[in-house]
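Trainee: Heads up: take any position in the sequence shown, counting from 1, add 373, and you land on this note's numbering. All residues carry an ideal CB built from backbone N, CA and C; glycine is no exception. For clarity, every value in this text was computed on a predicted model and none was experimentally measured.
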Amino acid sequence: MDEVLVREPGKIIVFGEHFVVHGSRALSLAINSFVNIHVAVDDAISITLMTNDKKIFDLTDQRENSISKYIYTLISSLSLPPVNLKIEVGFPISAGLGSSASIASGIARALYTLKFNRAPDKDEVYRMADRLERDIHGNPSGIDLNTILEGGIILYDGASRKVVEKFYRDDIPFVITDTGDRRITGRLVGSVADMKRRVGEIFGLLVRTADSISQLGFKLLRRGDLEGLGRLMMINQGLLYAIGVSNSKIDYLIYKSLDMGAYGAKLTGAGGGGCIISLCDEGVAGDIADEFNKMGYPSFIVHPYSGGHIADR
Ligand code: PMV
Numbered sequence: 374m375d376e377v378l379v380r381e382p383g384k385i386i387v388f389g390e391h392f393v394v395h396g397s398r399a400l401s402l403a404i405n406s407f408v409n410i411h412v413a414v415d416d417a418i419s420i421t422l423m424t425n426d427k428k429i430f431d432l433t434d435q436r437e438n439s440i441s442k443y444i445y446t447l448i449s450s451l452s453l454p455p456v457n458l459k460i461e462v463g464f465p466i467s468a469g470l471g472s473s474a475s476i477a478s479g480i481a482r483a484l485y486t487l488k489f490n491r492a493p494d495k496d497e498v499y500r501m502a503d504r505l506e507r508d509i510h511g512n513p514s515g516i517d518l519n520t521i522l523e524g525g526i527i528l529y530d531g532a533s534r535k536v537v538e539k540f541y542r543d544d545i546p547f548v549i550t551d552t553g554d555r556r557i558t559g560r561l562v563g564s565v566a567d568m569k570r571r572v573g574e575i576f577g578l579l580v581r582t583a584d585s586i587s588q589l590g591f592k593l594l595r596r597g598d599l600e601g602l603g604r605l606m607m608i609n610q611g612l613l614y615a616i617g618v619s620n621s622k623i624d625y626l627i628y629k630s631l632d633m634g635a636y637g638a639k640l641t642g643a644g645g646g647g648c649i650i651s652l653c654d655e656g657v658a659g660d661i662a663d664e665f666n667k668m669g670y671p672s673f674i675v676h677p678y679s680g681g682h683i684a685d686r
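1. Does the ligand ZN have even one heavy atom less than 8 angstroms from the beta-carbon of isoleucine 429?
2. What is the DSSP secondary structure of tyrosine 529, counted as helix, strand or coil?
3. Per DSSP, what kind of secondary structure is aspartate 663 in: helix, strand or coil?
4. Note down, one range per segment and in chain order, each alpha helix (DSSP H) of at least 4 residues found wholly within the segment 409 to 446.
5. Please tell me whether, using a cut-off of 8 angstroms, the distance from the CB of threonine 552 to the nearest non-hydrogen atom of the ligand PMV is below it.
6. Are the CB atoms of lysine 384 and isoleucine 404 within a distance shorter than 9 angstroms?
7. Isoleucine 549 bridges to which residues according to DSSP?
8. Is the closest heavy atom of the ligand PMV to the C-beta of glycine 634 under 8 angstroms?
9. Is the CB-CB distance between serine 401 and valine 387 below 9 angstroms?
10. Contact between the segment 591 to 606 and the segment 630 to 646 is defined here as three or more beta-carbon pairs at a separation below 8 angstroms; is this criterion met?
11. What would DSSP say about leucine 578, mapped onto helix, strand or coil?
12. Closer than 8 angstroms is the cut-off here; do at least three beta carbon pairs connect the segment 548 to 563 with the segment 649 to 657?
13. Between Tyr529, Ile444, Phe407 and Val675, which has its C-alpha nearest aspartate 544's C-alpha?
14. Under 8 angstroms from any heavy atom of the ligand PMV, does the C-beta of alanine 502 make it?
15. Can you tell me the Cα-Cα spacing of aspartate 503 and asparagine 519, whole angstroms?
16. Start and end of the alpha helix (DSSP H) containing arginine 560?
Structure (structure tokens):
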């Protein structure tokens with residue numbers, strides 16, 4: 374029986390989320406936390422999704438579900454036989470860590486490899502996966518897909534929709550903490566567009582500030598200046614607060630993280646819930662994660678990831 378196993382990283386946005394949709398640059402990185410996709414030719418189509426808290430969802434007959442629709446469309450456009458497809462997500466979904474982009478990319482890579490006996494190139498994956506991203510997010514900036522397809526640490530330009538700079542170091546720890554609240558990215562992106570209409574040129578100033586933060590952040594990260602990065606994260610969080618995508622639980626967890634020794638912390642991704650990221654020394658990352666876990670906010674430590682996607686046949 375033909376089968377393929379694929380692994381896609383998640384991502385965090387360190388600077389510039391939301392503003393990137395309006396043309397700023399943003400800094401993001403792939404993380405060493407993964408979505409695994411297993412696909413095998415079978416007698417009938419079956420699709421299951423397992424989340425990081427081990428809940429299993431049967432999506433086979435959920436034709437209205439965006440992921441199922443995407444899979445059925447790809448199977449038909451690639452003229453593939455029926456497959457058994459298992460998606461296992463190793464990090465919180467709908468929480469700012471790019472699960473939909475990782476799932477979209479992993480499914481495209483796995484089905485393409487099954488069909489053509491070779492792994493697709495980046496552009497081929499992007500073209501296929503962008504379909505699901507648009508279905509879920511409406512008008513994505515493209516940062517999520519570009520981050521996981523590039524790997525490493527990227528400076529992404531929302532205006533040209535291109536990766537403008539890239540480097541890799543894996544020695545910087547981020548603690549990811551889940552607020553437990555789920556939200557819909559498209560809705561938050563819509564609320565920010567509404568804010569833009571209301572405050573006009575002030576919004577433009579915020580976009581320009583986010584752009585400068587992302588550029589400086591990229592330099593500081595390359596240099597490993599954690600203290601400087603921490604300060605920038607707090608300034609960026611102030612901008613996210615200003616456009617209405619933070620909330621009291623996010624703010625509470627951020628201050629808690631600073632009290633425990635983080636250099637800086639902020640929401641990551643669309644906000645409104647989801648996850649926060651804390652930047653700290655390797656030595657205190659475990660303590661911060663342990664304390665948040667004890668408080669009932671699932672936490673784990675990640676590092677930048679630049680490895681491959683391991684598409685096996
Ligand atoms: O929350 P996520 O992982 O969907 O991240 C979205 C990032 C945004 O900047 C809010 C939207 C986008 O398309 O760039």
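Mentor: Put simply:
1. The ligand content of the structure shown is limited to the ligand PMV, which means the ligand ZN is not among them.
2. Within the sequence shown, residue 529 is the residue found at index 156, counting from 1. Note: tyrosine 529 maps to strand in three-state DSSP.
3. For the purposes of this step, residue 663 is taken as residue 290 along the sequence shown, with counting starting at 1. In the structure shown, aspartate 663 falls within a helical segment according to DSSP collapsed to helix, strand and coil.
4. Taking only runs of at least 4 residues, no alpha helix (DSSP H) segment lies wholly in the segment 409 to 446.
5. Taking the first residue of the sequence shown as 1, we reach residue 552 at position 179. In this structure, the ligand PMV has no non-hydrogen atom nearer than 8 angstroms to the beta-carbon of threonine 552.
6. Position 31 of the sequence shown, counting from 1, holds the residue named residue 404. Position 11 of the sequence shown, counting from 1, holds the residue named residue 384. Closer than 9 angstroms, so yes.
7. The sequence position of residue 549 within the sequence shown is 176, counting from 1. Isoleucine 549 pairs with Ile650 and Phe673.
8. For this step, residue 634 is matched to residue 261 along the sequence shown. Remark: the C-beta of glycine 634 is outside contact range of the ligand PMV, defined as less than 8 angstroms to any heavy atom.
9. Translated into positions along the sequence shown, residue 401 becomes position 28. Translated into positions along the sequence shown, residue 387 becomes position 14. Against a cut-off of 9 angstroms, the Cβ pair of valine 387 and serine 401 comes out as a contact.
10. Contact annotation: the segment 591 to 606 touches the segment 630 to 646, with at least three C-beta pairs closer than 8 angstroms.
11. Position 205 of the sequence shown, counted from the start, is the residue given in the question as residue 578. Annotated three-state conformation of leucine 578 is helix, per DSSP.
12. A contact between stretches requires three or more CB pairs, one per stretch, nearer than 8 angstroms, and the segment 548 to 563 meets this requirement with the segment 649 to 657.
13. The residue you call residue 544 lines up with position 171 of the sequence shown. Comparing Cα positions, the closest option is Val675.
14. Taking the sequence shown and counting its residues from 1, one reaches residue 502 at position 129. It does not: the Cβ of alanine 502 is nowhere closer than 8 angstroms to a heavy atom of the ligand PMV.
15. Start at 1 with the first residue of the sequence shown, and residue 503 comes out as number 130. Start at 1 with the first residue of the sequence shown, and residue 519 comes out as number 146. Aspartate 503 and asparagine 519 have their alpha carbons spaced roughly 10 angstroms apart.
16. Within the sequence shown, the letter at position 187 stands for residue 560. Where arginine 560 is concerned, the enclosing alpha helix (DSSP H) stretches over 558 to 572.
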